[in-house]
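Read top to bottom, the protein sequences are chains A and B.
First residue of the first sequence? That's -5 in the numbering used here, and the numbers climb one at a time after it.
First residue of the second sequence? That's 778 in the numbering used here, and the numbers climb one at a time after it.
Cβ coordinates follow ideal geometry from the N, Cα and C atoms, glycine included.
Beneath this line is the structure, given in C-alpha cells, with notes to follow.
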Amino acid sequence: MKGYVFFILGAVLTIMGYSRGEAAVVLKKAIRICLECIGIG
Amino acid sequence: MRGLIQSISAILMNGQIAGFLTGRIYTGKSKTFCVPGMNCYSCPGAVGSCPIGALQAVVGSLKYSYSLYIMGFIMMIGSLSGRFVCGWICPFGLFQDVLSKIPSPKWKLPKWTAYLKYVSLLMVVIGPLIIVNKIGMGTPVFCKWICPVGTIEGGVPLTIMQPALRAQFGFLFGWKMMIAVLVIIMSVVSYRPFCKVLCPLGLILGWFNRISIIKLHVNHENCTSCGLCEKACPIELNPVEETTSIECIRCMKCKNACCNGSIELSMK
C-alpha cells in the first residue's frame, strides 16, 4: 500500500516540478557538454 | 535474460550512435527526461538525462534550491520496484557486471564502505548549494569530483574525438581518471563496487526496497534453509532474511538458485 502512495506522490511531485520549469533547466544542462562531468571544467 | 535486458536498455539510453563517430552529444528534447539509471548526459550516445546529474543541475541553478521534478521521478521508479533498475536496467551496472566476469581473485569489500554512499548523496543534494561560482550557480560536486560514469561514458570518448577538449586536460581530469580506473579495477576483483560504495541513486532507490510495489517475497513455509540463495547472492546478503535490504539490487539470482520456489517476485 505504501508503495502505491509513494508512486502517486512521486508522480505528483514530478508534474509539479515540470510545471514550475525544472525540466527546462535539465534540458539546458543536458544538451551542452558538462565539463565538470567529463573532468575538464 | 538479465544481460539481454541490460544490453537493450543500455542501447536504448545511448541510441544516438552518430555521436560516438562525430564526438558531439545529442541535443534533442528527449533530454528533458531522465533515464532510470546512471547514464551521463555527456555521453555522446545519450538520449536522456542522468537523474543524479539533473538533480545537481536543478539544485545548483539560480532559480531552484531543490528539485521536485527529479526527486518525484526517483520516487516513482523506487516505489515501483526499488533497486530493480540497478540490477536490470542501469548501463553502468551492466558495465560492472561485464568487468566482474574477467577471471581474477574476488574480494569482499568491508561492510562499512557501504556507508560512503551517504557522503555521495550529500555531495549531490547539499554540494551544489554550498559550492557556488561568482554568479551563484552551484557546482555539481558529485559529478565533478567523484562520478566515474561521466569520465568513462563522456570524458573518454569526447576527449578522443575532440582535440580542443584534450587541450584542456588538467588535475581534475587526472583525478577523475584515477577514480575511474580504480572503479574499473575494483569491478574486476569485486562485484559492483560503484553500486555498493558510491552510487547515490542506488542509495535512494534502496530506501524503497522495503515498501516498493514489486518486491521479493520469501515463503518461509517452503524454505528449507539450504543456503543456496545466500551462496548465489553477488551482494553477499542472506536473501531469506534480507529481501528488503537497501543493498539488494534485485538481480534475481537468489530466486533462480532456489530449488523450492520459495523466493518470488510479488506485489503483496
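Chain A contact for residue i (CB, 8 Å cutoff)
i       : result
A795/B  : no
I912/B  : no
Y895/B  : no
G904/B  : no
L942/B  : yes
S856/B  : yes
I866/B  : no
C1025/B : no
T916/B  : yes
F869/B  : no
S819/B  : yes
M852/B  : yes
L935/B  : yes
Q873/B  : no
CB of residue i within 8 Å of CB of residue j, strictly
i      : j       : result
F810/B : S826/B  : yes
P917/B : P934/B  : no
I847/B : F0/A    : no
L845/B : M10/A   : yes
Q783/B : W865/B  : yes
G33/A  : M900/B  : no
K986/B : G1038/B : First, the amino acid is wrong: residue 986/B is Asn here, not Lys. Cβ distance not < 8 Å, so N986/B and G1038/B don't count as in contact.
G830/B : C920/B  : yes
R801/B : G983/B  : no
A24/A  : K808/B  : yes
V926/B : C1010/B : no
I722/B : I923/B  : Shown here, chain B extends from 778 to 1045; a query on residue 722/B therefore has no answer.
G885/B : L975/B  : Just to set this straight, residue 885/B is Lys in the shown sequence, not Gly. Cβ distance not < 8 Å, so K885/B and L975/B don't count as in contact.
I991/B : S858/B  : yes
P882/B : V966/B  : yes
G951/B : S819/B  : no
P868/B : M938/B  : no
F971/B : V960/B  : yes
R779/B : Q873/B  : no
L898/B : P977/B  : yes
Delimiting residues of the alpha helix (DSSP H) encompassing residue i
i       : result
S786/B  : R779 to M790
E952/B  : Correcting the residue identity first, residue 952/B is Trp in this sequence and not Glu. Run containing W952/B: F948 to V966, per the alpha helix (DSSP H) assignment.
G10/A   : For the sequence presented, residue 10/A should be read as Met rather than Gly. Counting along the chain, the alpha helix (DSSP H) containing M10/A begins and ends at K(-4) to S13.
F861/B  : F861 to W865
W922/B  : V918 to W922
S819/B  : Run containing S819/B: none; DSSP gives neither H nor E here.
Y843/B  : Taken as a continuous stretch (DSSP letters only), Y843/B belongs to no alpha helix (DSSP H), as it is neither H nor E.
W984/B  : P977 to W984
P882/B  : No alpha helix (DSSP H) contains P882/B, which DSSP labels as neither H nor E.
L935/B  : V933 to M938
K1030/B : K1030 to A1034
F869/B  : P868 to S877
P828/B  : P828 to V836
A823/B  : Here A823/B belongs to no alpha helix (DSSP H), and DSSP marks it neither H nor E.
L29/A   : L29 to I32
T1001/B : Neither: T1001/B is in no alpha helix (DSSP H) and is coded neither H nor E.
A18/A   : E16 to A24
Limits of the unbroken beta strand (DSSP E) element including residue i
i       : result
L1042/B : I1040 to S1043
K894/B  : No beta strand (DSSP E) holds K894/B; the alpha helix (DSSP H) holding it covers L893 to V902.
L993/B  : K992 to V995
Rounded Cβ spacing between residue i and residue j (contact assumed at less than 8 Å)
i       : j       : result
C1035/B : L1014/B : Their Cβ separation, rounded to whole angstroms, is 14 Å, which puts C1035/B and L1014/B out of contact at 8 Å.
I794/B  : G822/B  : 6 Å
K1040/B : E1024/B : A quick correction: the sequence has Ile, not Lys, at residue 1040/B. So it is not a contact: roughly 16 Å between Cβ atoms.
G792/B  : V824/B  : 5 Å
L993/B  : M914/B  : Rounded, the Cβ-Cβ distance is 42 Å, inconsistent with contact.
G(-3)/A : S842/B  : 28 Å between Cβ atoms; not a contact.
V19/A   : V902/B  : With 8 Å as the limit, V19/A and V902/B do not qualify as a contact, their Cβ atoms being about 16 Å apart.
L21/A   : K973/B  : Not confirmed; about 32 Å, so no contact.
Residue i: contacting residues in chain C (beta-carbon distance under 7 Å)
i      : result
C863/B : Note that chain C does not occur in the displayed structure, where the protein chains are A and B.
Given a limit of 7 Å on CB to CB distance, which residues of the segment 823 to 837 of chain B reach chain A? S826, G830, A831, A834 and V835
If the cut-off is 9 Å on Cβ atoms, which residues from the segment 973 to 1007 of chain B count as contacting chain A, listed in chain order? Cβ contacts with chain A come from F985, R987, I988, S989, I990, I991 and K992.
Short of 8 Å Cβ to Cβ, which residues in the segment 920 to 932 of chain B face chain A? C920, K921, C924, G927, T928, G931 and G932
For the segment 838 to 849 of chain B, list every residue whose C-beta sits within 9 Å of some C-beta in chain A, in sequence order. S838, K840, Y841, S844, L845, Y846, I847, M848 and G849
The segment 948 to 971 of chain B: positions lying closer than 9 Å to chain A by Cβ: L949, F950, G951, W952, K953, M954 and A957
Scan the segment 778 to 810 of chain B for residues whose Cβ lies nearer than 7 Å to a Cβ of chain A and list them as they occur along the chain. I802, T804, K806, K808 and T809
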